[in-house]
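Student: Below are the structure tokens for one structure; questions will follow.
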Amino acid sequence: MLAHGILDISMYEIKLFLALAEERNFTRVSVLFHITQPTLSKRISQLEQSLNMQLFIRKSRPIQLTAEGQVLYAGWKGLHQHFEAAITDAEQCRHQRTNRLVVASPDSGNHLIALPQVSKLMLDRFPALEISMRYLSFSDWRGKVLGGEVDVMLTSLFETEELDEQFSWQVILPFSKGVCMLRGNPLAGRSEIRLEELQDARFVMNSPTESPEYTRFVQRICQAHGFSPVVARYAPNPSNLLNSLHYEDEVTVCDLLLRDIDNPLYAFVPLTGIKSALVAVWRTGNHSQYLQPLLELLEVHHRDLEERVAK
Numbered sequence: 000m001l002a003h004g005i006l007d008i009s010m011y012e013i014k015l016f017l018a019l020a021e022e023r024n025f026t027r028v029s030v031l032f033h034i035t036q037p038t039l040s041k042r043i044s045q046l047e048q049s050l051n052m053q054l055f056i057r058k059s060r061p062i063q064l065t066a067e068g069q070v071l072y073a074g075w076k077g078l079h080q081h082f083e084a085a086i087t088d089a090e091q092c093r094h095q096r097t098n099r100l101v102v103a104s105p106d107s108g109n110h111l112i113a114l115p116q117v118s119k120l121m122l123d124r125f126p127a128l129e130i131s132m133r134y135l136s137f138s139d140w141r142g143k144v145l146g147g148e149v150d151v152m153l154t155s156l157f158e159t160e161e162l163d164e165q166f167s168w169q170v171i172l173p174f175s176k177g178v179c180m181l182r183g184n185p186l187a188g189r190s191e192i193r194l195e196e197l198q199d200a201r202f203v204m205n206s207p208t209e210s211p212e213y214t215r216f217v218q219r220i221c222q223a224h225g226f227s228p229v230v231a232r233y234a235p236n237p238s239n240l241l242n243s244l245h246y247e248d249e250v251t252v253c254d255l256l257l258r259d260i261d262n263p264l265y266a267f268v269p270l271t272g273i274k275s276a277l278v279a280v281w282r283t284g285n286h287s288q289y290l291q292p293l294l295e296l297l298e299v300h301h302r303d304l305e306e307r308v309a310k
């Protein structure tokens, strides 16, 4: 029969026990949990009293688990993981059952992404839906999608190259990757440019801190064409890429989705053989009833993106 004291064991005490079993050091664990060492020692002693067994051999350095402690560690480690996974699943279920849909796009603020039109049509079809739109940086959207804060992220194809199985994605509109430059650049009048023709150009690139995926992508495609890009400067974020073009020998690799891409000061020229796309990314396992209708509307309302830019 189980001792009555077992009913008083908290998940917090189990987490403390697991951490101490792994770290084998009271000082380190107290720092990790932002508590004093005496408080940690007291909580572990209370746990041992509730169980009526000794869990640690404190006289050894580092401290060691007793035989009983080893058995509990093996069992409670799995229990703790299942406990947290169940809470995560329940939270995601709660989000999916609500009439809520959050759609985000890069914080370049580009007006060519037809979110307002799609949002209006979604509301017409689902009057009870609460839909909201957000701008997110390249550096933090993955965490917000996995955490359930955002249901769908609209971004560029190159960002899918490093996504794992936690994410699902779909192409909304394929188009050619391009290069943007000032109108005075000798290449500005071209209908298409081969990447190797840019080996003498100076590249304006997005900050590696903001988007390491972009940096790796540009370096990879340039090296595949026989050269390494010469970086003139880094823009702090994608919304400042074009503003960071200062001289006529500078270029930036970008998409049609970039802010001010249709500004007459700049020329956008497709890169031969370098494909891109507007893609929608969501957390694998998101079974929201609104996901598929949203994807269908996004495809319909972005088919003419290249035509709108050309005008």
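Counted the way numbering that gives the first Met the number 0 counts, the sequence shown spans residues 0 to 310. The C-beta atom is built at its ideal place from N, Cα and C for all residues, glycine as well. Just so you know, these numbers come straight off a predicted model, no measurement behind them.
For Glu-129, report the span of its beta strand (DSSP E) as first-last.
Tutor: Residue mapping note: residue 129 aligns to position 130 of the sequence shown, counting from 1. Glu-129 -> beta strand (DSSP E) spans 129-135.
Student: Go to Pro-269, then tell me how far its beta strand (DSSP E) extends in each direction, as first and last residue.
Tutor: Numbered from 1 along the sequence shown, position 270 holds the residue referred to as residue 269. It spans 265-282 - the beta strand (DSSP E) in which Pro-269 sits, taken as one unbroken run.
Student: Going by DSSP in three states, Gly-177 sits in which element: helix, strand or coil?
Tutor: Taking the sequence shown and counting its residues from 1, one reaches residue 177 at position 178. Gly-177 falls in the strand class under three-state DSSP.
Student: Restricting to Cα atoms, I'd like to know which of Gln-165, Thr-159 and Tyr-233 is closest to Leu-145.
Tutor: For this step, residue 145 is matched to residue 146 along the sequence shown. Nearest of Gln-165, Thr-159 and Tyr-233 to Leu-145, Cα basis: Gln-165.
Student: Hey, would you say Ala-127 sits closer than 7 Å to Asn-98, going by beta carbons?
Tutor: Reading the sequence shown from its first residue, position 128 is the one you call residue 127. Reading the sequence shown from its first residue, position 99 is the one you call residue 98. Yes, Cβ-Cβ distance for Ala-127 and Asn-98 is below 7 Å.
Student: Which value, in whole angstroms, describes the spacing of the CA atoms of Lys-14 and Thr-26?
Tutor: Along the sequence shown, read from residue 1 onward, the residue named residue 14 stands at position 15. Along the sequence shown, read from residue 1 onward, the residue named residue 26 stands at position 27. Approximately 15 Å, taken between the alpha carbons.
Student: With a threshold of 8 Å, are at least 3 pairs of Cβ atoms found where one atom belongs to the region 182-193 and the other to the region 209-220?
Tutor: These segments do not touch.
Student: Taking C-beta to C-beta, are Arg-294 and Ala-276 nearer than 7 Å?
Tutor: Against the sequence shown, residue 294 aligns to sequence position 295. Against the sequence shown, residue 276 aligns to sequence position 277. Per the sequence shown, residue 294 should be read as Leu rather than Arg. No; because the gap between Cβ atoms is not below 7 Å, this pair is not in contact.
Student: What's the call for Ser-9, buried or exposed, on a 16-neighbour Cβ count within 10 Å?
Tutor: Residue numbering aside, residue 9 sits at position 10 when the sequence shown is read from its first letter. By the 10 Å Cβ count, Ser-9 comes out exposed.
Student: Do you know whose CA, among Val-178, Leu-194 and Glu-195, lies nearest Ala-187's CA?
Tutor: The residue you call residue 187 lines up with position 188 of the sequence shown. Here the closest residue by C-alpha is Val-178.
Student: Mapping the DSSP letters down to three states, classify Arg-219 as helix, strand or coil.
Tutor: Here the question's residue 219 lines up with position 220 in the sequence shown. Correct three-state label for Arg-219: helix.
Student: Can you tell me whether DSSP reads Arg-27 as helix, strand or coil?
Tutor: Here residue 27 is taken as the residue at index 28 of the sequence shown, counted from 1. Helix at Arg-27.
Student: Could you work out which residue in Pro-263, Val-252 and Ser-155 is closest to Arg-201 when comparing CA atoms only?
Tutor: For this step, residue 201 is matched to residue 202 along the sequence shown. Answer by Cα proximity: Val-252.
Student: Check each candidate in Leu-122, Glu-158 and Met-132 and name the one with the smallest Cα separation from Leu-114.
Tutor: What you label residue 114 is simply residue 115 of the sequence shown in a count that begins at 1. Among Leu-122, Glu-158 and Met-132, the Cα nearest to that of Leu-114 belongs to Met-132.
Student: Considering only residues of the same chain and omitting the five flanking positions on each side of Arg-189, which have a CB-CB separation below 7 Å?
Tutor: The count along the sequence shown starts at 1 and reaches residue 189 at position 190. For Arg-189, where only same-chain residues beyond five positions count, the Cβ hits under 7 Å are Val-268.
Student: Does the region 147-160 come close enough to the region 280-294 that 3 or more CB-CB pairs lie under 8 Å?
Tutor: They touch, by the three-pair rule.
Student: Here's the rule I'm using: 16 or more other beta-carbon atoms within 10 Å means buried, otherwise exposed. How should Pro-173 be labelled?
Tutor: Taking the first residue of the sequence shown as position 1, residue 173 is located at position 174. Its Cβ having fewer than 16 others within 10 Å, Pro-173 is exposed.
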